[in-house]
Amino acid sequence: MILEVALIDIRPGEEEAFAAAYRKAHPIVRGTPGFRSIRMTRGVESPSRFVLLVEWDSVEAHLENFRASERFNEWRGLIGQYFAGPPLVEHFTDVPTDA
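Residue numbers are given in full-length UniProt numbering: position 61 of the sequence shown equals residue 61, and the series is strictly consecutive.
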């Protein structure tokens, strides 16, 4: 399992419009092969900053099944207009807790 973490800064004053657009857009991601879960969080101290957390089967599931597909264009078309700049996106794996 891979966790995609995207740090998204939204133009001040457009946070509620972004959240509404996300509610419309998240089913696009959900239908992608290799998708596991999605969650959007919003900053308490920085309410224009959002963090998107998406679990994928693999990095390839994210990059090939979503980013390289028309789904990504639909997704970005709905939410991208609110970005203050390009999101910072990275992939993470779990740290094992057993020896």
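Beta carbons are placed, not taken as given, at the ideal position from N, Cα and C, and that holds for glycine. All values derive from a computational prediction rather than experimental measurement.
To the nearest angstrom, report how far apart H26 and P12 are at their CA atoms. As a working note, residue 26 is residue 26 in the sequence shown. As a working note, residue 12 is residue 12 in the sequence shown. Whole-angstrom Cα-Cα distance: 22 Å.
For the region 83-90 and the region 29-40, state whether three or more C-beta atom pairs, one from each stretch, are separated by less than 8 Å. Counting Cβ pairs under 8 Å, fewer than three are found: no touch.
Tell me which residue opens and which closes the alpha helix (DSSP H) that R30 is part of. Here the question's residue 30 lines up with position 30 in the sequence shown. Unbroken alpha helix (DSSP H) run through R30: 15-30.
Measuring CB to CB, does S69 end up less than 8 Å from G34? Translated into positions along the sequence shown, residue 69 becomes position 69. Translated into positions along the sequence shown, residue 34 becomes position 34. Going by C-beta atoms, S69 is not nearer than 8 Å to G34.
Could you spell out where the beta strand (DSSP E) holding R45 opens and where it closes? The residue given as residue 45 occupies position 45 in the sequence shown. A small correction: the amino acid at residue 45 is Glu; Arg does not occupy that position in the sequence shown. Here E45 belongs to no beta strand (DSSP E), and DSSP marks it neither H nor E.
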